[in-house]
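Asks: Numbering (my numbering), first residue to last: 1 to 582. One structure, as structure tokens, below. Some questions next.
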């Protein structure tokens, strides 16, 4: 059968067996630059660096190729399948990043030789998390080459392992991964490919946050002893009908439970307790999945908050602003209901005088409302990197909004206004904070008070550099001068600090401007929190009163957020921080 080519010209896409398209006449041995459209012979793709000479765009989109089982490793630059594919680099095991040197050839996606790896990919393709089959090419030496899609990032790397993404996402997302993992392990155990879901590095996370597998891994037993693949070919819920068959094989369940404990730790209730029962054989995979769905339907944390601001005793204007927002929602899906908690809290201390600082701090709050709240409501906030997304919003978008006001009023009343910001975003039982300036975030428990943020001012900088003691630094007339703020300068001069918290213990997150922090010692703050633990409104009022009694030298703003876990699903650390970086 002659090779069939697809005309790449937009609007044509005719099938042809010759060099030229029988509909539009296009040369089918040519390719077009994805950037500028310039035509090149497809032989360009056989070279080591296929780059467009006009616009510099890459001419090839890397693909993922799985070689036949037992084949020797291919070398970088080697050609496979009679010159169709060029190996760009080896990835993992039998997988290679390749360039399709004949991209206009029609992909047939045949079933592959019966009993081959290609046949398994084809028959198990309906399972959630399986790679997409782009083509199956017979190898003259025996076996099939399988061209896979849906596993590579834009830079040509495999999706990150589940273990790398585990700690950087919410409890709801992790529960969803465990549920999908359990269903996949159940289905693959019935089909005789259980090892696929039982090697931790084989579990990957796509850019949209879904669990997927890197490759099919055959079980360590003769192929003749495996169940027929067509057990699962027509049903996504085969394990629902045959739970006993899966339950009678304890090895997959025991291994899966061990992997869960590797991720979560072995102590505690919630998922670790469920994993211990699964490992001991007290429940099977189907029962474990049902319990995971029940855990998803429980709220993670109860949030209560209150904020207030006061001009103080010495200032005429109040240039502080603050923001408090919290929402609890229920989401219903075929795979089970889930309850989510979201919160956004911020304190901003404006600078500039003559109401300029008030404009800057208010602009910051308005930008956070407009940009952060929609991001938090998304299914997977930050796509696994919420801290990075929020840092980018503060550094680029919020700073630009205030900088624009400065640029538009160079000689007017708003020249060089700016603001600090300390912000906390809550997603279920996890919190992320971002900080610029000298407004502060304290973590207060019944046992201790801890300042999580580090002031961005001259005094703190000099102490860190060892050029001054703490006493010398803050006796200096410039000790309180900010080294970072939003608005006065462009984004390359703004490097926010970030950190995150696992909300697994009852605590109060106290956000405040320096008008409070400078007037109230930490010990007195802690006493006030303990005395008003269940009443954030009274706590804020008492703290502002104490600050005014201490002199009230600046505007005073306090925002108290009390968090109380309602269902502990995962054990974890309490807090971590990341310093400013470019």
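Heads up, the beta-carbon is just placed ideally off N, CA and C, and yes, glycines get one too.
Name, in chain order, the residues that DSSP records as bridge partners for residue 326.
Replies: Answer is 343.
Asks: Whole-angstrom Cβ separation of residue 424 and residue 529, contact assumed at under 8 Å?
Replies: That belief does not hold up - the Cβ atoms of residue 424 and residue 529 are roughly 16 Å apart, past 8 Å.
Asks: My understanding is that residue 544 touches residue 558, with C-beta atoms under 8 Å, so please give their C-beta distance in whole angstroms.
Replies: Correct: roughly 6 Å between the Cβ atoms.
Asks: Tell whether a beta-carbon distance below 8 Å holds between residue 65 and residue 85.
Replies: The answer is yes: Cβ separation under 8 Å.
Asks: Quick check on the DSSP output: what are the complete alpha helix (DSSP H) runs of length 4 or more inside the segment 105-176, in order along the chain?
Replies: Counting only runs of 4 or more, we get 117-123, 162-165.
Asks: Taking the runs of the alpha helix (DSSP H) that are 4 residues or longer, which of them lie wholly in the segment 270-312?
Replies: Complete alpha helix (DSSP H) runs here, min 4: 271-279, 285-296.
Asks: Regarding residue 564 and the ligand ZN, is the C-beta to nearest heavy atom distance less than 7 Å?
Replies: The ligand ZN is absent from the structure shown, which contains no ligands of any kind.
Asks: With respect to the beta strand (DSSP E) encompassing residue 423, which residues constitute its N-terminal and C-terminal limits?
Replies: Counting along the chain, the beta strand (DSSP E) containing residue 423 begins and ends at 421-427.
Asks: Enumerate in chain order the residues of its own chain whose CB-to-CB distance from residue 522 is below 6 Å, with the five nearest sequence positions on each side excluded.
Replies: Closer than 6 Å at the Cβ level, and outside the excluded window around residue 522, lie 449.
Asks: Distance check for residue 143 and residue 196, CA to CA, integer angstroms please.
Replies: Whole-angstrom Cα-Cα distance: 20 Å.
Asks: Can you look up residue 596 in the DSSP assignment and give me helix, strand or coil?
Replies: Outside the shown range of the chain, which is 1 to 582, sits residue 596, and nothing can be said about it.
Asks: Among residues of its own chain, excluding the 5 on either side of residue 496, which ones have a beta-carbon nearer than 7 Å to its beta-carbon?
Replies: Result list for residue 496: 391, 394, 395, 434, 435, 436, 580, in chain order.
Asks: If you measure between the beta carbons of residue 42 and residue 31, is that distance less than 8 Å?
Replies: Contact flag set, yes.
Asks: Three or more beta-carbon pairs under 8 Å between the segment 295-303 and the segment 532-551, yes or no?
Replies: Short answer: they don't touch.
Asks: Could you compute how far the alpha carbon of residue 161 sits from the alpha carbon of residue 550?
Replies: Going by the C-alpha atoms only, they are around 53 Å apart.
Asks: Could you check what DSSP says for residue 457 in three-state terms: helix, strand or coil?
Replies: DSSP places residue 457 in strand when its eight states are reduced to three.
Asks: Can you name the residues that DSSP bridges to residue 87?
Replies: DSSP lists 98 as partners of residue 87.
Asks: So is residue 92 buried or exposed if we call it buried at 16+ other beta carbons inside 10 Å?
Replies: Under this definition residue 92 is an exposed residue.
Asks: Measuring alpha carbon to alpha carbon, tell me which residue in 314, 332, 405, 81 is nearest residue 357.
Replies: The option with the nearest alpha carbon to residue 357 is 405.
Asks: To the nearest angstrom, report how far apart residue 50 and residue 259 are at their CA atoms.
Replies: Rounded to whole angstroms, residue 50 to residue 259 spans 42 Å at the Cα level.
Asks: Taking 8 Å as the threshold (C-beta atoms), are residue 338 and residue 172 in contact?
Replies: Yes, Cβ-Cβ distance for residue 172 and residue 338 is below 8 Å.
Asks: Provide the residue span of the alpha helix (DSSP H) that contains residue 32, from first to last.
Replies: Where residue 32 is concerned, there is no enclosing alpha helix (DSSP H), although the beta strand (DSSP E) it sits in stretches over 30-32.
Asks: Please tell me whether residue 351 and residue 319 are closer than 8 Å, where the distance is taken between their beta carbons.
Replies: Yes.
Asks: Could you name the residues of the same chain whose beta carbon sits closer than 7 Å to that of residue 316, not counting the 5 residues immediately before and after it, in chain order?
Replies: Nothing meets the Cβ criterion.
Asks: Using a Cβ-Cβ distance under 8 Å, would residue 71 count as near chain D?
Replies: The structure shown contains no chain D; it is built from a single protein chain.
Asks: Among 81, 99, 82, whose alpha-carbon lies nearest the alpha-carbon of residue 89?
Replies: Checking every option, the nearest Cα to that of residue 89 belongs to 99.
Asks: On the DSSP letters alone, give me the boundaries of the alpha helix (DSSP H) that residue 389 sits inside.
Replies: That run of the alpha helix (DSSP H) goes 386-392.
Asks: With DSSP as the reference, please indicate the residues paired to residue 606 in a beta bridge.
Replies: The requested residue 606 does not occur in the structure, where the chain is confined to residues 1 to 582.
Asks: Could you tell me the alpha carbon to alpha carbon distance between residue 470 and residue 420, rounded to whole angstroms?
Replies: Between residue 470 and residue 420, the C-alpha separation is close to 22 Å.
Asks: May I ask you to report which of helix, strand or coil DSSP gives residue 4?
Replies: It is coil, neither helix nor strand.
Asks: So residue 501 packs on residue 560, CB below 8 Å; how close in whole Å?
Replies: Rounded, the Cβ-Cβ distance is 15 Å, inconsistent with contact.
Asks: Are the Cβ atoms of residue 341 and residue 428 separated by less than 8 Å?
Replies: Against a cut-off of 8 Å, the Cβ pair of residue 428 and residue 341 comes out as a contact.
Asks: Within the same chain, show all residues whose beta-carbon is closer than 7 Å to that of residue 325, passing over the 5 residues directly before and after it, in chain order.
Replies: Answer for residue 325: 343, 344, 373, listed in chain order.
Asks: Give me, in chain order, the residues of the same chain whose beta-carbon lies closer than 6 Å to that of residue 441; leave out the 5 immediate sequence neighbours on both sides.
Replies: So the list reads 422, 433, 452, 453, 511, once near-sequence residues are dropped.
Asks: Buried or exposed for residue 214, please, with buried defined as at least 16 other CB atoms from any protein chain shown within 10 angstroms of its CB.
Replies: Buried is the call here.
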